[in-house]
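Student:
Now the structure itself:
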């Protein structure tokens, strides 16, 4: 496997940094775009990118905070991006689209690309799948895909309900039943909307797990849910991204 | 909570930050969200920063909600104990 930091063309053709990991061998094989969580383009996220390469995919993670903080430590970059208002949705779509194109341009590509995101990236994964030609999307406990914020809630992002009819690929959703953002009721709402719209989706919901149960370096980590979730992801991507 | 919801305030003062160097603080950002380092799902986070000196010019604090409330009370008590004439 080969891991490297590269530059790609992101939103509006602007150059951004990305972490690319490729298995050894000629392919052809699918690709995975990993959307990092709000704390940034950090070591834990890069471990996830390497895991997808270990699973046999070309995998890439764009640094969504590159414009605000090129070369900064991930936590400092995340703080700067937050202070500037966060990542605008159109820019996220452009950066994920550029990442997908970078994967498709690899000589090993079979032309198929999936996306996955965690936490805020879960919502962004669905957002990307509603706006880009992708082949599979995974939403790991993304908040505000559905749901109406409580009155007075200081929300800066909008839900994606009006975009869900445009979902362009199958969606795998992985959620903790103890999570509040998204709550089980909000996951129910997402399930109902996708069913109504005839959008293929597969949800798995774990008792005893809350938000961020995949994060191995946080108290929220739940090994049973995370292990099952990784198996679901592997099966889902084999189905949709295989040659 | 993944909301990017952030309360910002201008500050006048100094903080001791990276490499044990003091720097002037111009901006404060306060938010309740996932921490980077604290062992809690959510914390009250404060960044004391000088954006003009780059993303690294920052002192970050992540506090549990209860300890953040205690800090607020401690700050108010300390300010209340100071003579008004000194608070300029």
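Protein chains in written order, with the numbering used here: chain A, 1 to 243; chain B, 1001 to 1088.
Beta carbons are placed, not taken as given, at the ideal position from N, Cα and C, and that holds for glycine.
Everything numeric in this text was worked out from a predicted model, so none of it was measured.
(1) I need the boundaries of the alpha helix (DSSP H) containing residue 122(A), first residue and last residue.
(2) Excluding the 5 residues flanking residue 46(A) on each side, which residues of the same chain have their C-beta closer than 6 Å to its C-beta?
(3) List in chain order: all unbroken beta strand (DSSP E) runs of 3+ residues lying wholly within the region 165-243 of chain A.
(4) Kindly provide the ranges of any beta strand (DSSP E) runs that are 3 or more residues long and lie completely inside the region 2-50 of chain A, ordered along the chain.
(5) For a cutoff of 9 Å on Cβ pairs, would you count residue 82(A) as touching chain B?
(6) Could you tell me which residues DSSP puts in a beta bridge with residue 60(A)?
(7) Should residue 1013(B) be flagged as near chain A, meaning a C-beta pair shorter than 9 Å?
(8) Going by DSSP in three states, residue 92(A) sits in which element: helix, strand or coil?
(9) Alpha carbons only, please: which of 1044(B), 1066(B), 1032(B) and 1048(B) is nearest the one belonging to residue 1024(B)?
(10) Tell me the residue span of the alpha helix (DSSP H) that contains residue 1070(B).
(11) Please list the partners that residue 211(A) has in chain B, where partner means a Cβ-to-Cβ separation under 7 Å.
(12) Does the distance from the C-beta atom of residue 1052(B) to that of residue 1029(B) stay below 9 Å?
(13) Taking residue 220(A) as the query, report the chain B residues whose CB atoms sit under 8 Å from its CB, ordered along the chain.
(14) From the beta carbon of residue 37(A), is the nearest beta carbon of chain B less than 9 Å away?
(15) Give the interface partners of residue 1027(B) over in chain A, defined as CB-CB distance under 9 Å, in chain order.
(16) Taking 9 Å as the cut-off, decide whether the C-beta atoms of residue 225(A) and residue 174(A) are in contact.
(17) Using the beta-carbon count (16 or more within 10 Å), is residue 81(A) buried or exposed?
(18) Since I believe residue 93(A) is in contact with residue 59(A) (beta carbons under 8 Å), could you give me their beta-carbon distance rounded to a whole number of angstroms?
(19) Under 9 Å between the Cβ atoms of residue 130(A) and residue 167(A)?
(20) So for residue 1044(B), helix, strand or coil by DSSP?
(21) Output yes or no for whether 9 Å exceeds the beta carbon distance between residue 1013(B) and residue 76(A).
(22) Rounded to the nearest angstrom, what separates residue 17(A) and residue 43(A) at their Cα positions?
(23) Alpha carbon to alpha carbon, what distance is there between residue 1050(B) and residue 1007(B)?
(24) Look at residue 57(A) and residue 32(A) and say whether their C-beta atoms are less than 9 Å apart.
(25) I'd like the span of the beta strand (DSSP E) that includes residue 1050(B), first residue to last.
(26) Measure the C-alpha to C-alpha separation of residue 79(A) and residue 1062(B) and round it to an integer number of angstroms.
Tutor: The answer reads as follows:
(1) Within the first chain, the letter at position 122 stands for residue 122(A). Here the alpha helix (DSSP H) through residue 122(A) covers 120-131.
(2) For this step, residue 46(A) is matched to residue 46 along the first chain. Within its own chain, the residues whose Cβ lies closer than 6 Å to the Cβ of residue 46(A), once the five positions on either side in sequence are excluded, are 19, listed in chain order.
(3) 170-176 and 201-206, all fully within the region 165-243 of chain A.
(4) You should have 2-9, 15-22 and 29-35.
(5) Working through the first chain from its first residue, we reach residue 82(A) at position 82. Among the CB atoms of chain B, one or more fall inside 9 Å of the CB of residue 82(A).
(6) Here residue 60(A) refers to the residue found at position 60 when the first chain is read from its first residue. In DSSP, residue 60(A) forms a bridge with 20(A) and 33(A).
(7) Locating residue 1013(B) in the second chain gives position 13, counting from the first residue. Residue 1013(B) does not count as touching chain A.
(8) For the purposes of this step, residue 92(A) is taken as the residue at position 92 of the first chain. The three-state reading of DSSP puts residue 92(A) in helix, counting H, G and I together.
(9) For the purposes of this step, residue 1024(B) is identified with residue 24 of the second chain, where counting begins at 1. Cα-wise, what sits closest to residue 1024(B) is 1048(B).
(10) Counted from its first residue, the second chain places residue 1070(B) at position 70. Note, residue 1070(B): alpha helix (DSSP H), 1065-1081.
(11) Here the question's residue 211(A) lines up with position 211 in the first chain. Using a Cβ-Cβ cut-off of 7 Å, residue 211(A) is close to 1041 of chain B, given in chain order.
(12) Working through the second chain from its first residue, we reach residue 1052(B) at position 52. Working through the second chain from its first residue, we reach residue 1029(B) at position 29. No, the Cβ-Cβ distance between residue 1052(B) and residue 1029(B) is not below 9 Å.
(13) Numbered from 1 along the first chain, position 220 holds the residue referred to as residue 220(A). Using a Cβ-Cβ cut-off of 8 Å, residue 220(A) is close to 1041 of chain B, given in chain order.
(14) Taking the first chain and counting its residues from 1, the one referred to as residue 37(A) is at position 37. At least one chain B Cβ lies under 9 Å of residue 37(A).
(15) On the second chain, position 27 is the one that residue 1027(B) refers to. For residue 1027(B), the chain A residues whose C-beta falls within less than 9 Å of its own C-beta are 83, listed in chain order.
(16) Taking the first residue of the first chain as position 1, residue 225(A) is located at position 225. Taking the first residue of the first chain as position 1, residue 174(A) is located at position 174. It is a contact, given that the beta carbons lie within the stated cut-off.
(17) Position 81 of the first chain holds residue 81(A). If you draw a 10 Å sphere on the C-beta of residue 81(A), you find 16 or more other C-beta atoms in it, and that means buried.
(18) One-based indexing of the first chain puts residue 59(A) at position 59. One-based indexing of the first chain puts residue 93(A) at position 93. Not quite, the Cβ-Cβ distance comes to about 19 Å (not below 8 Å), so this is no contact.
(19) Translated into positions along the first chain, residue 130(A) becomes position 130. Translated into positions along the first chain, residue 167(A) becomes position 167. At the C-beta level, residue 130(A) and residue 167(A) come within 9 Å of one another.
(20) Reading the second chain from its first residue, position 44 is the one you call residue 1044(B). DSSP places residue 1044(B) in strand when its eight states are reduced to three.
(21) Along the second chain, one-based indexing puts residue 1013(B) at 13. Along the first chain, one-based indexing puts residue 76(A) at 76. No.
(22) Numbered from its first residue, the first chain carries residue 17(A) at position 17. Numbered from its first residue, the first chain carries residue 43(A) at position 43. A straight-line Cα-Cα distance of about 15 Å links residue 17(A) and residue 43(A).
(23) Your numbering for residue 1007(B) matches position 7 in the second chain. Your numbering for residue 1050(B) matches position 50 in the second chain. In a straight line, the C-alpha of residue 1007(B) is about 16 Å away from that of residue 1050(B).
(24) Within the first chain, residue 57(A) is the residue found at index 57, counting from 1. Within the first chain, residue 32(A) is the residue found at index 32, counting from 1. It is a contact, given that the beta carbons lie within the stated cut-off.
(25) In the second chain, residue 1050(B) corresponds to position 50, counting from 1. Per DSSP, residue 1050(B) belongs to no beta strand (DSSP E) and is neither H nor E.
(26) If you number the first chain from 1, residue 79(A) lands on position 79. If you number the second chain from 1, residue 1062(B) lands on position 62. Put simply, the backbone Cα of residue 79(A) is about 12 Å away from that of residue 1062(B).
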